[in-house]
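Trainee: Using my numbering, the final residue of the sequence shown is 290, and nothing's skipped along the way. The beta-carbon is built from N, C-alpha and C at its ideal position, and this holds for glycine as well.
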Amino acid sequence: MWEALSPDPVLNQFEKDYKWLSQVYTSVKPASDDNGRLLWHALGAQTTALIHEHIHVSGINHDMEEMILDAEVIDDLMNKKDPKQAEKVLKILISRLNKHGNNPTFKRLSERLEAIRDKAEKGLINSIEFIKELCQLAKETLQAEKGTEPEVEQKNAKAALTELFLELKTDTTPAIVERIVNDIDEIVRVVRFDGWQHSTVGEREVKRELRKILWTKYQIKDEDLFNRAYDYIKEYY
Numbered sequence: 054m055w056e057a058l059s060p061d062p063v064l065n066q067f068e069k070d071y072k073w074l075s076q077v078y079t080s081v082k083p084a085s086d087d088n089g090r091l092l093w094h095a096l097g098a099q100t101t102a103l104i105h106e107h108i109h110v111s112g113i114n115h116d117m118e119e120m121i122l123d124a125e126v127i128d129d130l131m132n133k134k135d136p137k138q139a140e141k142v143l144k145i146l147i148s149r150l151n152k153h154g155n156n157p158t159f160k161r162l163s164e165r166l167e168a169i170r171d172k173a174e175k176g177l178i179n180s181i182e183f184i185k186e187l188c189q190l191a192k193e194t195l196q197a198e199k200g201t202e203p204e205v206e207q208k209n210a211k212a213a214l215t216e217l218f219l220e221l222k223t224d225t226t227p228a229i230v231e232r233i234v235n236d237i238d239e240i241v242r243v244v245r246f247d248g249w250q251h252s253t254v255g256e257r258e259v260k261r262e263l264r265k266i267l268w269t270k271y272q273i274k275d276e277d278l279f280n281r282a283y284d285y286i287k288e289y290y
């Protein structure tokens, strides 16, 4: 009915409800196989355009407690090529790209994501090609996010960590403070997301990566140092 009546103004009063339904449909959208393409095709051009427009502008609300995008997630997707994992990464990317508003870099990435989705829905690429392109875009998004940090803020965060490690340096703490701080700074900027400090998943991810650096890589198993470093990360990142 929507396709038959569009673009009649009579539809305007129902557009809000229809967009909501489009969110529901997109959240359970089938994988990009033959059946999936047929279902999308059955919706019609006007409905598909409305769904894409709505997603592109404001994204779909998701519980970020379960949505972490990092190198490990991307590698796991590339290795397993699981369509469900691909759908999860796709939703994360939509949310992450929309977060950067009209930033030209992220706008171009968002346009590329739309083009990839469009090709998959039209059957122009198979599921493996879709996953490969999605992973490449995810990697570029993480790289772009690392480059958007204001220089002053980045220096302040690293300076605070450096001061901490110099202050707590003992006979068992290596003198390579700069390398430790750089390692922590780099991985935290990859795994964090807005509001991670108030998220169980966010806190768990940051603590896990911090342990890898301090406990595993540098063999510094000082609980006090770990806790104070984590407190600094929560404050400055």
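Would you mind giving the Cβ-Cβ distance between residue 234 and residue 123, rounded to the nearest angstrom? I have them listed as a contact below 8 Å.
Mentor: If you number the sequence shown from 1, residue 234 lands on position 181. If you number the sequence shown from 1, residue 123 lands on position 70. With a Cβ gap of about 20 Å, residue 234 and residue 123 do not count as contacting.
Trainee: From 130, 57, 285 and 147, pick the residue whose C-alpha is nearest to that of residue 217; which is it?
Mentor: Position 164 of the sequence shown, counted from the start, is the residue given in the question as residue 217. In terms of CA proximity to residue 217, 285 leads the group 130, 57, 285 and 147.
Trainee: Starting from the Cα of residue 282, find the closest Cα among 149, 213, 162 and 252 and give me that residue.
Mentor: Working through the sequence shown from its first residue, we reach residue 282 at position 229. Of 149, 213, 162 and 252, the residue nearest in Cα terms is 213.
Trainee: Tell me where the alpha helix (DSSP H) around residue 238 begins and ends.
Mentor: Translated into the one-based positions of the sequence shown, residue 238 becomes position 185. Run containing residue 238: 230-244, per the alpha helix (DSSP H) assignment.
Trainee: Just to confirm the assignment, what range does the alpha helix (DSSP H) spanning residue 287 have?
Mentor: Here residue 287 refers to the residue found at position 234 of the sequence shown. Run containing residue 287: 276-289, per the alpha helix (DSSP H) assignment.
Trainee: Please state the DSSP three-state secondary structure of residue 147.
Mentor: Stepping through the sequence shown from its first residue, residue 147 is reached at position 94. The three-state secondary structure of residue 147, taken from DSSP, is helix.
Trainee: In three-state DSSP terms, what is residue 70?
Mentor: Locating residue 70 in the sequence shown gives position 17, counting from the first residue. If DSSP states are grouped into helix, strand and coil, residue 70 belongs with the helices.
Trainee: In whole angstroms, what is the alpha-carbon distance linking residue 239 and residue 257?
Mentor: Within the sequence shown, numbered from 1, the residue matching residue 239 stands at position 186. Within the sequence shown, numbered from 1, the residue matching residue 257 stands at position 204. For residue 239 and residue 257, the distance between alpha carbons rounds to 17 Å.
Trainee: Buried or exposed for residue 194, going by 16 or more other Cβ atoms inside 10 Å?
Mentor: Within the sequence shown, the letter at position 141 stands for residue 194. In summary, residue 194 is buried, with 16 or more beta-carbon neighbours lying within 10 Å of its beta-carbon over all protein chains present.
Trainee: DSSP state of residue 273, grouped into three classes?
Mentor: In the sequence shown, residue 273 corresponds to position 220, counting from 1. Correct three-state label for residue 273: coil.
Trainee: Once you ignore the five residues that flank residue 287 on each side, which residues in its own chain have a CB closer than 6 Å to its CB?
Mentor: The sequence position of residue 287 within the sequence shown is 234, counting from 1. Only 250 meet the Cβ criterion.
Trainee: Taking only the alpha-carbon atoms, compute the straight-line gap between residue 292 and residue 61 and give it to the nearest angstrom.
Mentor: Because the chain in this structure spans residues 54 to 290, residue 292 falls outside the shown range and cannot be described.
Trainee: To the nearest angstrom, report how far apart residue 261 and residue 236 are at their CA atoms.
Mentor: Working through the sequence shown from its first residue, we reach residue 261 at position 208. Working through the sequence shown from its first residue, we reach residue 236 at position 183. Computed Cα separation, rounded: 13 Å.
Trainee: Thinking residue 162 and residue 150 are a contact (beta carbons under 8 Å), I'd like their distance in whole angstroms, please.
Mentor: If you number the sequence shown from 1, residue 162 lands on position 109. If you number the sequence shown from 1, residue 150 lands on position 97. Sure, about 6 Å apart at Cβ, within 8 Å.
Trainee: For the alpha helix (DSSP H) that residue 184 lies in, which residues bound it at each end?
Mentor: Within the sequence shown, residue 184 is the residue found at index 131, counting from 1. First-last of the alpha helix (DSSP H) with residue 184: 180-199.
Trainee: Under the three-state reduction of DSSP, which class applies to residue 251: helix, strand or coil?
Mentor: Mapped onto the sequence shown, residue 251 falls at position 198. Reduced to three states, the DSSP call for residue 251 is helix.
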